[in-house]
Amino acid sequence: MRINVSQQLKASIGSIRNYGVSGIVNVAGGKSMVQGEVKLMRTDRSILAKGTLHTEVEVTCSRCLGLFGCPLTLNVEEEYFPITDVVSGASLPLPEEPSCFTIDEHHVIDLTEAIRQYALLAIPMKPLCREDCAGLCPNCGHNLNQGPCDCLPPEAEPHWSELSKLALASDKVVNEQKGTE
Ligand SMILES: [Zn+2]
Ligand SMILES: [Zn+2]
6 MRINVSQQLK
16 ASIGSIRNYG
26 VSGIVNVAGG
36 KSMVQGEVKL
46 MRTDRSILAK
56 GTLHTEVEVT
66 CSRCLGLFGC
76 PLTLNVEEEY
86 FPITDVVSGA
96 SLPLPEEPSC
106 FTIDEHHVID
116 LTEAIRQYAL
126 LAIPMKPLCR
136 EDCAGLCPNC
146 GHNLNQGPCD
156 CLPPEAEPHW
166 SELSKLALAS
176 DKVVNEQKGT
186 E
């Protein structure tokens, strides 16, 4: 994810170059392939990197606890500040922004850290492996996406007998009413 910008640092303010980027980034303990396009623009003080990148990270489903690949779209926009003057080679003062990204002394931008941070922010708080994920049986922990478990019928039985009791009771009421008429 490294781009040499020495030529662009010499270019006039507002000049734009497009780069296709692809590479592996470590996100949340796993390696993710990242691909996309980045537009680099020379500003009066920096190189502005702007682009849309696509990746997939392995996360745990919040319902069934299964691992799955969650696709992420990253709209990256970050400024990179030179620390060395590209013409004279002299050191430049760091910008006042804390924890900003810099262009190293070889005039190379490394997008990896920015991409990692954007990817971490893009991971949903409660990821779902699919929208209708059936989750786990609260009784035995079986993954209900793989079909029903053995403890479903006993759970269903009392429910049905309750219903039939109600049905019998209402029959009785109807019959009693008929008797009083
Ligand atoms: Zn799930
Ligand atoms: Zn079960």
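The number in the numbering used here is simply the position in the sequence shown, starting from 1, with 5 added.
All residues carry an ideal CB built from backbone N, CA and C; glycine is no exception.
Note down, in chain order, each residue of its chain lying with its Cβ closer than 7 Å to the Cβ of residue i, except the 5 sequence neighbours on either side.
i	result
Gly74	Glu61, Glu63
Cys138	Cys66, Arg68, Cys69, Asn150
Tyr85	Ser51, Ile52, Ala54, Phe106, Thr107, Ile108, Ile114
Asn9	His112, Val113
Going by other Cβ atoms of all chains shown within 10 Å of its Cβ, with 16 needed for buried, is residue i buried or exposed?
i	result
Arg7	exposed
Ile120	buried
Arg135	exposed
May I ask you to check if the CB of residue i is nearer than 7 Å to at least one heavy atom of ligand 2?
i	result
Asn150	no
Cys138	no
Cys134	no
Asn144	yes
Cys75	no
Cys105	no
Who are the Cβ neighbours of residue i in its own chain at under 6 Å, not counting the five residues just before and after it?
i	result
Asn80	Thr57
Gly25	Glu42
So does residue i have its beta carbon nearer than 7 Å to some heavy atom of ligand 1?
i	result
Ile68	Looking at the sequence provided, one finds Arg at residue 68 rather than Ile. Yes; taking the cut-off as 7 Å, the Cβ of Arg68 has a heavy atom of ligand 1 nearer than that.
Give me the Cβ distance between residue i and residue j, rounded to the nearest whole Å; I'm assuming they're in contact under 8 Å.
i	j	result
Ile108	Pro87	5 Å
Should residue i be flagged as near chain B, meaning a C-beta pair shorter than 8 Å?
i	result
Val30	The structure shown contains no chain B, having only a single protein chain.
In chain order, what residues of the same chain lie with their CB nearer than 8 Å to the CB of residue i, ignoring the 5 residues before and after it?
i	result
Val91	Ser11, Leu14, Lys15, His112
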